[in-house]
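Here our numbering = 1-based position in the sequence shown + 26. Where a beta carbon is used, it is the ideal one built from N, C-alpha and C, also for glycine. Note that this is a predicted model, so its numbers are computed, not measured. Okay, so here's the structure we're looking at.
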Amino acid sequence: MPFQQTPPQLGNQYEDDRVLRSYLARVLPADMLREIEVSLAEMGRLAGGELYQLQLADRLNEPRMTQWDAWGNRIDKIELTPLWRVAEGIAVEHGVVATAYEQKHGSLSRVHQCALAYLFTPSTDIYSCPLAMTDGAARTLLGSGNQALIDRAVPHLITRVAGQFWTAGQWMTELTGGSDVGLTETVARQDPESGAYRLYGRKWFTSAISSQMALTLARPEGNPPGGRGLALFYVETRDPTGRPRNVEVNRLKDKLGTRKVPTAELTLNGTPAQLVKGTTDGIRNIAPLLNITRLWNGISAVALMRRGVALAADYSRKRIAFGVALSEKPLHMDTLAGLEAEAEAAFHLAFYVAELTGRSETGEISDDDAALLRLLTPIMKLTTAKQAVAVASEVLECFGGAGYVEDTGLPMLLRDSQVLPIWEGTTNVLAVDTLRALNEDSLRVFQSAVTKLAGNFPPALDHATSWYTRISDRSVLEAGARRFALTLGRTIELALLLNHARSSGDQQSMVNARRFAALGVDLIIDDYPQQ
Ligand SMILES: Cc1cc2nc3c(=O)[nH]c(=O)nc-3n(C[C@H](O)[C@H](O)[C@H](O)COP(=O)(O)OP(=O)(O)OC[C@H]3O[C@@H](n4cnc5c(N)ncnc54)[C@H](O)[C@@H]3O)c2cc1C
27 MPFQQTPPQL GNQYEDDRVL RSYLARVLPA DMLREIEVSL AEMGRLAGGE
77 LYQLQLADRL NEPRMTQWDA WGNRIDKIEL TPLWRVAEGI AVEHGVVATA
127 YEQKHGSLSR VHQCALAYLF TPSTDIYSCP LAMTDGAART LLGSGNQALI
177 DRAVPHLITR VAGQFWTAGQ WMTELTGGSD VGLTETVARQ DPESGAYRLY
227 GRKWFTSAIS SQMALTLARP EGNPPGGRGL ALFYVETRDP TGRPRNVEVN
277 RLKDKLGTRK VPTAELTLNG TPAQLVKGTT DGIRNIAPLL NITRLWNGIS
327 AVALMRRGVA LAADYSRKRI AFGVALSEKP LHMDTLAGLE AEAEAAFHLA
377 FYVAELTGRS ETGEISDDDA ALLRLLTPIM KLTTAKQAVA VASEVLECFG
427 GAGYVEDTGL PMLLRDSQVL PIWEGTTNVL AVDTLRALNE DSLRVFQSAV
477 TKLAGNFPPA LDHATSWYTR ISDRSVLEAG ARRFALTLGR TIELALLLNH
527 ARSSGDQQSM VNARRFAALG VDLIIDDYPQ Q
C-alpha cells in the first residue's frame, strides 16, 4: 500500500478544550455551568463536526453581488455563501448575540455569550464580523436613550427567531481615513419642513453590507470640522421591498482574507437616516459599539489561535518523520508548547475583559474596575490580535508544505487572523489610545490588579511604569507606545495565567505560565535612537 497521510481532525470543540473548561469551572457558579454546559457542548459538537465540514466544502464560495435587475433597476443584491446562511441560523438559534442581552445569569451572561462566540467563530469564516457589529449596535442603541430606535431595531438584533433577525453594519471608514475619522466627509442634510435627514458621501470599508441596518457617522450641515462636528446616525439599508434606500454598492472589496464577508465601498446618495443621540459628538456616541467589537476581536483572536493549535496538535500525532510521530520529536513539541502558552495567555485576557464588560453592562462595576476596563479594552485588542497572527503563521509551518496549500483549509487561518490587528483600530492607533486612557488613577488600578493576580509586582510592570513616568517628551512617549501597550498586555496576560493556574489547580496552566514568561513579556526599550 502506498503511503497515505491522515488529515488532522477535530473532536467536540467544547469537550476537547482544557483551557475553556477549566476557566469556566473557575469563574462560573457550579449550577450556572451545569445549566449552560449543554449549549456549549452542542456548539462544540457543531464547530468540530458539521460546521467544520461545511466550512471546508464552502471554501471556494464567495459572496456575489448583482448590481442591476433584468429591467434596468439598480438592486445591488448580495448573495451570501451556504456556510454563512447556515451560520446565521445557528447563531440566532443558539443566541450568540442574544445571550448577552437575555441576562439569565446577570453579568456572567457576557462570559457565556463569549464562550459561545469563541466556539462558533473558527468554523464560520468570520460570520463573527456581522455578529460583533450587531451586538455593538444593540449595546449602543440601548445606551442612547432613543426609545423609538430601541423599540424599532433592538428586538431584531437580539432575537432568537430566525426570520426576524437583523445584523448591523458600522460605517465609519472613508477614503480620508479609518483611524482619523474626524476627517469624515459625509454630510447630513436636514429637510427644513419634515426635519428628516439624508446622507450624502462615500464610505470606503463597510463590512457585511448584507446587514439590514447600520450605524454611521456624518456631519450635519453647518457643523464644525473635526470629530466633534460629527453625529451618529441610524440607517436602514433597504426598503420593505428589498430595494436599497439610496445606498449604492460601488463594488465588493477583493481582500487578502475574510473572503466570506461582503465588504463594500458605498455611495450614500440621499440615504434616509435618523439621529441616534444629538447632532454632535458622533465619535464619542459610537464608542460603546467599538468597545463591543473590540471585545469580539479579542475573542476571535483567541478562537482562531485555539483552532490552529488544536489542528496542529492533532496532526503531530498523525504525521511521521524520521521514524516517529512528530509528537515524539522534542523540538516540534517545544514549538507547539510555545503556541499553546501564547494562546492560553491571550485567552485569559480576552475573557477577563468579557467579565469586566459584563459587569459594566449590569452596573455592578466599581469605579476602579471601570477605569481598568477602559484601559484594558485597547490593550487586549491589540495584544491578542498580534498574537493571533504570529500563532497562525507558526501553525501553518507545523504542517510543513500542507500548511501552505489551500484545500487543507489551513492558509485561511493566517489570512483571517491578519485582519484582526487592522480593523477596529490598528495596533498603533490603539497603542495611542492606551496612552489616552492612562492617568494616575488607571495606572494605579492596573498595577494593583496585576499585583493581586500575579502575587507580586512583576519586573516588566516596574520597567514599563518607570519608563512611562520618566518620559516627558510626548513624541518619545508616542514612539514607544506600541512596545509599552504590548508590555502591559503581556504583563496582565501572565498575571491572569498565574492566577488561573493557582486558583484552579490546573497544572498545564502553570506550565504555560512559566513558558509564557520565558517567551518574553517586557518589550520596553529605554533609549531607542530617535530619528
Ligand atoms: C476586511 C476589512 C473590513 C473592514 N470593515 C470595516 C467596516 O465595516 N466599517 C468601517 O468603518 N471600517 C472597516 N474597515 C476599515 C478599518 O477599520 C480601517 O482600515 C482601519 O481602521 C485603518 O484605517 P485606514 O485603512 O484608513 O488606515 P490609516 O488610518 O490610513 O492608517 C495607516 C497606518 O497609519 C497608522 N497610524 C494612523 N494613525 C496613527 C497614529 N496616530 N500614530 C501612529 N500610527 C498611526 C496605522 O496604524 C496604519 O498602520 C475594514 C477594514 C478591513 C481590512
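Within a Cβ cutoff of 7 Å, which residues of the same chain sit near residue i, ignoring the five residues on either side of it in sequence?
i       : result
Ala-141 : Leu-46, Leu-50, Leu-66
Glu-366 : Val-335, Asn-538
Asp-95  : Ile-101
Trp-230 : Thr-199, Glu-200, Leu-201, Glu-291
Leu-301 : Tyr-223, Ala-257, Phe-259
Ser-386 : Ala-396, Leu-399
What do you reckon, is the C-beta of residue i under 7 Å from a heavy atom of ligand 1?
i       : result
Thr-212 : no
Phe-259 : no
Ile-346 : no
Phe-231 : yes
Met-198 : yes
Ile-448 : yes
Ser-236 : no
Asn-454 : yes
Asp-206 : yes
Lys-281 : yes
Thr-45  : According to the sequence displayed, residue 45 carries Val and not Thr. Result no, Cβ not under 7 Å from ligand 1.
Thr-92  : no
Gly-451 : yes
Ile-409 : A small fix is needed here, since residue 409 is Thr in this sequence, not Ile. No, since every heavy atom of ligand 1 falls outside the 7 Å radius drawn around the Cβ of Thr-409.
Val-417 : no
Gly-203 : yes
Gly-195 : yes
Thr-284 : yes
Val-273 : no
Val-445 : yes
Val-502 : no
Val-458 : yes
Does the Cβ of residue i have 16 or more other Cβ atoms within 10 Å, making it buried, or fewer, making it exposed?
i       : result
Tyr-78  : buried
Tyr-554 : exposed
Glu-211 : exposed
Thr-1   : An answer regarding residue 1 cannot be provided, because it is not within the stretch 27 to 557 covered by the chain.
Gln-30  : exposed
Gly-506 : buried
Pro-156 : buried
Thr-193 : buried
Arg-44  : exposed
Leu-86  : exposed
Between which residues of its own chain and residue i is the CB-CB distance below 8 Å, once the five residues before and five after are set aside?
i       : result
Gln-81  : Leu-109, Ser-149, Thr-150, Asp-151, Gly-435
Glu-119 : Arg-186, Ala-188
Asn-249 : Gly-255, Leu-256, Ala-257, Thr-305, Thr-306
Ala-543 : Leu-520
Tell me the rounded alpha-carbon separation between residue i and residue j.
i       : j       : result
Lys-130 : Glu-381 : 15 Å
Ile-62  : Arg-500 : 48 Å
Ser-154 : Arg-320 : 12 Å
Gly-451 : Gly-204 : 8 Å
Thr-284 : Tyr-127 : 27 Å
Gly-481 : Ala-83  : 48 Å
Lys-103 : Gln-534 : 50 Å
Met-58  : Ser-135 : 10 Å
Pro-288 : Phe-348 : 45 Å
Leu-549 : Asn-311 : 34 Å
Ala-351 : Leu-357 : 12 Å
Leu-399 : Asp-393 : 10 Å
Leu-21  : Val-213 : The structure shown does not extend to residue 21, since the chain spans only 27 to 557, so no value can be given for it.
Ala-486 : Gly-227 : 47 Å
Ser-468 : Thr-92  : 50 Å
Asn-465 : Asp-488 : 16 Å
Arg-111 : Leu-72  : 15 Å
Leu-243 : Gly-208 : 9 Å
Leu-520 : Thr-160 : 32 Å
Ala-463 : Leu-401 : 5 Å
Lys-344 : Arg-60  : 34 Å
Ser-530 : Gly-515 : 22 Å
Please look up how many angstroms separate the CB atoms of residue i and residue j, rounded, as I've assumed it's under 8 Å.
i       : j       : result
Ala-188 : Gly-115 : 6 Å
Tyr-40  : Val-328 : In fact, because the Cβ distance is near 14 Å, the residues do not count as touching under 8 Å.
Ser-233 : Thr-263 : Not confirmed; about 13 Å, so no contact.
Ala-414 : Leu-446 : 5 Å
His-374 : His-138 : Contact doesn't hold; Cβ gap of about 17 Å is too wide.
CB-CB under 6 Å to residue i, same chain, minus the five flanking residues each way: which ones, in chain order?
i       : result
Ala-165 : Here residue 165 is Arg; the residue named in the question, Ala, does not match the sequence. So the list reads Pro-314, Ile-318, once near-sequence residues are dropped.
Gly-132 : Thr-388
Glu-88  : Arg-285
Quick one: is the Cβ of residue i within less than 7 Å of any heavy atom of ligand 2?
i       : result
Thr-289 : For ligand 2, the structure offers nothing, since it holds only ligand 1.
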